[in-house]
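The block underneath contains the structure these notes are about, expressed in structure tokens.
2 protein chains.
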Amino acid sequence: MLSEAGQSSEFSPRQNAVLEQALRLLVDGGEKALTTSGVARAANCSKESLYKWFGDRDGLLSAMITYQASKVRTFERNGERLTAASLHDHLVVFARDLLEVLAGDVSLALNRLAIGQSNRDGSKLGKLLLERGRRQIDRRASGLIDAGKRAGLLRFLDADEAYHTLYGLIVSDLHVRMLLGEPGLKDTSRQAERAVTAFLKLYGTEKVLAEAAATV
Amino acid sequence: MLSEAGQSSEFSPRQNAVLEQALRLLVDGGEKALTTSGVARAANCSKESLYKWFGDRDGLLSAMITYQASKVRTFERNGERLTAASLHDHLVVFARDLLEVLAGDVSLALNRLAIGQSNRDGSKLGKLLLERGRRQIDRRASGLIDAGKRAGLLRFLDADEAYHTLYGLIVSDLHVRMLLGEPGLKDTSRQAERAVTAFLKLYGTEKVLAEAAATV
DNA sequence: CACGAACCGTACCGTACGGTACTCATTTGA
DNA sequence: TCAAATGAGTACCGTACGGTACGGTTCGTG
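Residue numbers (our numbering), protein chains in the order written: chain A, 1 to 216; chain B, 1001 to 1216.
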């Protein structure tokens, strides 16, 4: 179930509680509200402990990203035989999950944080966020797409290219708009459905197209 | 040519020079490097003048966005008759321009700035950035898509939906990745070509598809 | 019980920022 | 020619942050 070597003991329970409070402060008030004094006060710990555990403020930020990523786990593809209908459904579920994750409070706050620091620290946080937070979702989608190809339902040369196309169809500019503060999208289900329909039209084999035509 | 009521006298030449220096500081060192003292020093003006001209620091940031947006002007569609080939070419040029704009130093810096402030000031800068910076490119693409429909080359129900699909196909997650500090994309031309090909496969009429099949 | 480690709460320090006040040189205009 | 206005340069103030040091408290262990 857990695809990564996800040792949940990266931090102690006490430290996890502190990181949880830090994330809450970040979500509520942005980076400016995330002061070391504020975290210590909110988490009922001392600043000295913060610096012992996390080194400095940047270490705290990194730990927050690592901790949050460790909470978001995704399921591996089980080995079931894919049909056109089940591929479509799995893709729609993936699309909805992706939009839901990207629109999440904590995700948006951490992305804003990493983006804000990206030209200050050489994008250290950005790299961390992409590695820890994105790999799960990437692997899930790639697995799904590969399975679709093996089942003769999808046709493509470059799996990575196909995945990026799927991602773009699902997300479009919604992520950046939400990062800029625009209120979240209203109808994620419709958006997910549209994206998957388009993706299947681009990469589906005759098998998929026939079934789609039959059901529509 | 200028579609907006773009009075270039929004700021005085002296103020424009100051804003130029402020943008340079922002691009070089991120938001943290953009201090009022630093701007005053770099632009050889006094802090008192800064506050007289722009009110406060937020006013300076807004002015920077407005100024930068006023520099990026785009051409309106001329009334030429679209063919399948010219539509394709115009779309590719648009895609390349879009990627080039999004990957620009100043654009990335301003987007990072607005995103960093988005949960502090009620996304005032984010709104400004979307309105001033995005409307031009939106209008250009919408005009192109509408012209394609009028010429019988594209088929869609919702023009906005078609445009967002095009945007997602072109940009995918590149914008966010660049905002997070990842080095820019290596091959914008190929990316643009792929996006337009996919877009035409999704929204093109038989007329376009026939020509595409003939040329490929 | 005694000892030490971990840790909380707080006080403290140096620094850097946003914003204001003041002085002095230059320009403007009648 | 002279005074009013403009703006550069600088000094200054209050505040707030990151980071450190210290006293007091809890808790596990021999």
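In this text, a Cβ means the ideal position worked out from N, Cα and C, and glycines have one as well. Being a predicted model, the structure only gives us computed values, none of them experimental.
{"Query": "Residues bridged to residue 204 of chain A (per DSSP)", "Result": "A:154"}
{"Query": "Reference residue 151 of chain A, options A:60, A:207, A:112, closest by Cα", "Result": "A:207"}
{"Query": "Contact test: residue 113 of chain A Cβ vs the ligand FMN heavy atom, cutoff 7 Å", "Result": "Because no ligand of any kind appears in the structure shown, any question about the ligand FMN cannot be addressed here."}
{"Query": "Exposed unless 16 or more other CB atoms sit within 10 angstroms - verdict on residue 85 of chain A", "Result": "exposed"}
{"Query": "C-alpha distance - residue 209 of chain A paired with residue 89 of chain A, whole-angstrom precision", "Result": "15 Å"}
{"Query": "Opening and closing residue of the alpha helix (DSSP H) in which residue 79 of chain A lies", "Result": "Segment: none, residue 79 of chain A is in no alpha helix (DSSP H) and carries neither H nor E."}
{"Query": "Spatially closest choice to residue 1099 of chain B from B:1052, B:1061, B:1172, B:1118, by CA coordinates", "Result": "B:1172"}
{"Query": "Under 9 Å by beta carbon: chain A residues contacting residue 1078 of chain B", "Result": "The contacting residues do not exist; residue 1078 of chain B stays about 27 Å from chain A at best."}
{"Query": "Under 8 Å (Cβ pairs) to chain A, residues found in the segment 1158 to 1176 of chain B", "Result": "1161, 1164, 1165, 1167, 1168, 1169, 1170, 1171, 1172, 1173, 1175, 1176"}
{"Query": "Residue 1036 of chain B - containing alpha helix (DSSP H), residue span", "Result": "1036 to 1043"}
{"Query": "Residue from B:1031, B:1045, B:1033, B:1114 with nearest C-alpha to residue 1017 of chain B", "Result": "B:1045"}
{"Query": "Uninterrupted alpha helix (DSSP H) stretches inside the segment 111 to 183 of chain A (no shorter than 4 residues)", "Result": "124 to 128, 135 to 150, 159 to 171, 174 to 179"}
{"Query": "Residue range of the alpha helix (DSSP H) that includes residue 1099 of chain B", "Result": "1084 to 1102"}
{"Query": "Exposure label - residue 1012 of chain B; buried when at least 16 CB within 10 Å", "Result": "exposed"}
{"Query": "Unbroken alpha helix (DSSP H) run spanning residue 1026 of chain B, endpoints", "Result": "1013 to 1033"}
{"Query": "With 16 other Cβ atoms within 10 Å as the buried cut-off, status of residue 1196 of chain B", "Result": "buried"}
{"Query": "For residue 194 of chain A and residue 201 of chain A, the rounded distance between their alpha carbons", "Result": "11 Å"}
{"Query": "Residue 55 of chain A, buried or exposed, once every other Cβ within 10 Å from all chains shown has been counted against 16", "Result": "exposed"}
{"Query": "Terminal residues of the alpha helix (DSSP H) in which residue 1062 of chain B lies", "Result": "1057 to 1071"}
{"Query": "Between the CA atoms of residue 65 of chain A and residue 24 of chain A - distance to the nearest angstrom", "Result": "13 Å"}
{"Query": "Contact set for residue 161 of chain A: own chain, Cβ-Cβ below 7 Å, skip 5 residues either direction", "Result": "none"}
{"Query": "Distance, residue 1127 of chain B Cα to residue 1078 of chain B Cα", "Result": "29 Å"}
{"Query": "8 Å Cβ cut-off: residues of chain B touching residue 204 of chain A", "Result": "The contacting residues do not exist; residue 204 of chain A stays about 12 Å from chain B at best."}
{"Query": "8 Å Cβ cutoff, residue 137 of chain A in contact with chain B", "Result": "no"}
{"Query": "7 Å Cβ shell around residue 1082 of chain B - same chain, five flanking residues per side excluded", "Result": "1147, 1148, 1151, 1153"}
{"Query": "Integer-rounded CB distance, given that residue 61 of chain A should sit under 8 Å from residue 125 of chain A", "Result": "6 Å"}
{"Query": "Cut-off 7 Å between Cβ atoms - residues of its own chain near residue 111 of chain A, not counting five sequence neighbours on either side", "Result": "129, 179"}
{"Query": "First through last residue of the alpha helix (DSSP H) which encompasses residue 49 of chain A", "Result": "47 to 54"}
{"Query": "Below-8 Å beta-carbon distance, residue 1115 of chain B vs any chain A residue", "Result": "yes"}
{"Query": "Cutoff 8 Å: residue 118 of chain A Cβ touching any chain B Cβ", "Result": "yes"}
{"Query": "Contact under 8 Å by Cβ, residue 169 of chain A with residue 1188 of chain B", "Result": "no"}
{"Query": "Nonlocal neighbours in the same chain, by C-beta distance under 7 Å from residue 37 of chain A, ignoring five residues either side", "Result": "47"}
{"Query": "Minimum Cβ-Cβ distance from residue 1123 of chain B to chain A less than 8 Å", "Result": "yes"}
{"Query": "Own chain partners of residue 107 of chain A with C-beta closer than 7 Å, once the 5 adjacent residues on each side are dropped", "Result": "101"}
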